[in-house]
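First comes the structure, then the notes that go with it.
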Amino acid sequence: MSYRFLPQAEHDLSDAIDYYEICQPGLGTEFLIEIRQTIARILEYPDGWAQVSDNARRGLTNRFPYEIIYAIENDSVLILAVANQHRHPDFWKNR
62 MSYRFLPQAE HDLSDAIDYY EICQPGLGTE FLIEIRQTIA RILEYPDGWA QVSDNARRGL
122 TNRFPYEIIY AIENDSVLIL AVANQHRHPD FWKNR
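In the numbering used here, the protein residues as written are 62 to 156.
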């Protein structure tokens, strides 16, 4: 199974990496590794995560307070948002 990001989700990810890198050098890289591991778990069990809308699910990271909002399209995962769990929970729904 493959995956791709919406441009807005890529922006979410980039902003979060930059934020963590400013907080502590190298932490942005650790965040990216955690996101990649979460995506790998999503790809392994795409239907195994909680639904957040009719067409979207969320995969939770282990170390950081983030969730990956995604939709399943045929044999692909479309990442809609890389969301901080402390942010308004529905900010991504217009995507």
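Don't be surprised by glycine CBs; every beta carbon is placed ideally from N, CA and C.
Query	Result
Would you report the Cα separation of Ala70 and Gly109, rounded to the nearest angstrom?	21 Å
Let me know if Arg97 comes out buried or exposed under the rule of 16 or more other beta-carbons within 10 Å of its beta-carbon.	exposed
Give me the Cα-Cα distance between Arg118 and Ile129, rounded to the nearest whole angstrom.	8 Å
Can you name, in chain order, every residue of its own chain whose Cβ lies under 6 Å from the Cβ of Leu93, other than the five neighbours on each side?	Ile78
Please list, in chain order, all residues of the same chain as Ile133 whose beta carbon is under 6 Å from its beta carbon, the five residues on each side excluded.	Pro107
Grab me the residues of Leu121's own chain with a C-beta within less than 6 Å of its C-beta, minus the 5 sequence neighbours each way, in chain order.	Glu128
If we ignore side chains and look at the alpha-carbon of each, how far apart do Cys84 and Gln146 end up?	18 Å
Contact check, Gly89 vs Glu95 under 8 Å by CB: the rounded distance?	Their Cβ separation, rounded to whole angstroms, is 11 Å, which puts Gly89 and Glu95 out of contact at 8 Å.
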